[in-house]
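Colleague: Take this structure, written in structure tokens, and hold onto it; I'll ask about it next.
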Amino acid sequence: FAGLIVSLLLGACGGESEEAPQLAAPPTKTPIPATPTGEVEAAANVRIISLRDEIDAFLKESENASPLDRIDIFNKHVIGPAGECFASTLWADTQPLELLDFQGLDLPTADMMGWRLATDIFQDEPLSLAVEEALAEAQALLPPEKTFRVCLVPTPIMGSQQEGITSGVSSLVLGDDLLLVGCAAGERCLDRIGQEVVRNYGFAYQVGLSGLTGSEISLLGYEIYHGRADELTRRLYPEATFPWTDALTPEQEAAIWPRMQEYLATTYADYPGYRNVDWYLYGRESNPELYPPWGGFYVGSQIVQAYLEQHPDISLPDLMALEPDTLLEDSGYSPG
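When we follow my numbering, the leftmost residue of the sequence shown carries the number 2, and every step to the right adds one.
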């Protein structure tokens, strides 16, 4: 299913998804030319685009419109003027509104009052500066090959942002050079946005190296990509934690790993096997014993750490370039 999508929404809770996946997820030194209103020219190889004004226009026209009309209004004020921010190469067959749906944002039922509040308190300049600084550090470790674009958008509270895990930040990798970042909590987003952007840059960097689309990456690939993105994040944020940091006990890890073997090569293009990719990565609410939340994320991080214990001198770019199968084989990973 080329239309299926894995979104990297760090605060999202793992759960059962029968119809579609829940989740998942590099610049030159040429100066960026002048760009339309809302776009910030960042240092070096980053282009930061704020969609605050576009969202504001959408919300204003939606005030007296029916919920179903919001789709056309969103297309008019946001996707039309800012189509670049929704042009996914990772999920090329997925429509922009589908990307929002998979992040838990359904326009007809969205919390419009909350969205208005998030837009009113949206901090354009501080958020842009935080993103620029975080990416400058990440790109010093993993030099990019083309301009990395980050689109910042105010959003209503979604998913477990309500639980405070992500300080109101959501994020979605749309390609090797494109990241969509949502902020629902104004200044509070500054607590997390740097870490979110760095981690997603690490994931996007690997997408660029592999040349694969989201539907072509295997379960093992996703696990390793996420594990290496965690490693990049911890090098810049040593105290970084994620929803999956302590997701499994040693007993759970030893139990899930053998069951996972059959599906390590499965992709989102495989029907009906793709469900197992989702369940092993995020968990399955109806069967948490077999599919605990964030199991695949946890396992991927453990595999990468096991590899680094065996190969402590490997450079970060070389680590990122390893094929997932090779990394697993040379890691000696064997829980239990």
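By construction, the Cβ of each residue, glycine as well, lies at the ideal position given by its N, Cα and C atoms.
Should A135 and V199 be called a contact, given that it needs their Cβ atoms to be closer than 8 Å?
Modeller: yes
Colleague: Taking all protein chains shown into account, decide if G337 is buried (16 or more other Cβ within 10 angstroms of its Cβ) or exposed.
Modeller: exposed
Colleague: Quick check on DSSP: helix, strand or coil for S335?
Modeller: coil
Colleague: Report, in whole angstroms, the separation of the C-beta atoms of A111 and P145, which I expect to be a contact under 8 Å.
Modeller: About 34 Å separates the two Cβ atoms, so there is no contact after all.
Colleague: Kindly identify the DSSP beta-bridge partner or partners of F149.
Modeller: Looking at the DSSP assignment, F149 forms a beta bridge with V47.
Colleague: Could you tell me the alpha carbon to alpha carbon distance between L130 and P273, rounded to whole angstroms?
Modeller: 44 Å
Colleague: Pull up the distance between the alpha-carbon of F298 and that of E64, whole angstroms please.
Modeller: Roughly 40 Å between the two C-alpha positions.
Colleague: Between I304 and L320, how many whole angstroms is the CB-CB distance? I'm expecting something under 8 Å.
Modeller: Not confirmed; about 12 Å, so no contact.
Colleague: Indicate the three-state DSSP secondary structure (helix, strand or coil) for L91 in the structure shown.
Modeller: Here L91 sits in coil by DSSP.
Colleague: Looking at the structure shown, is L173 part of a helix, part of a strand, or coil, going by DSSP?
Modeller: strand
Colleague: I believe L60 touches M113 by the beta-carbon criterion, under 8 Å. Please report the beta-carbon distance rounded to the nearest angstrom.
Modeller: 7 Å
Colleague: With distances taken from CA atoms, which of G333, Y264, R71 and P251 is nearest Y223?
Modeller: Y264
Colleague: Can you tell me whether R71 is buried or exposed? The criterion is at least 16 other CB atoms within 10 Å of its CB, across all chains shown.
Modeller: buried
Colleague: P68 to G212, Cα distance in whole Å?
Modeller: Each residue's Cα considered, the two are about 39 Å apart.
Colleague: Out of T90, Q96 and W92, which one is the CA nearest neighbour of I80?
Modeller: Q96
Colleague: Taking just the CA atoms, how far does A230 sit from L317?
Modeller: 11 Å
Colleague: Is L173 closer than 8 Å to Q104 when the C-beta atoms are compared?
Modeller: yes
Colleague: Spatial neighbours of W116 within its chain, please: CB distance less than 8 Å, with the 5 preceding and 5 following residues excluded, ordered by chain position.
Modeller: I56, L60, P155, T156 and P157.
Colleague: Using the rule of at least 16 other Cβ atoms within 10 Å of the residue's Cβ for burial, across every protein chain shown, is Q196 buried or exposed?
Modeller: buried
Colleague: Between L152 and V182, which are expected to be in contact by the criterion C-beta below 8 Å, what is the C-beta distance as a whole number of angstroms?
Modeller: The amino acid occupying residue 152 in the given sequence is Cys; Leu does not appear at that position. Yes, C152 and V182 are in contact; Cβ-Cβ is about 7 Å, under 8 Å.
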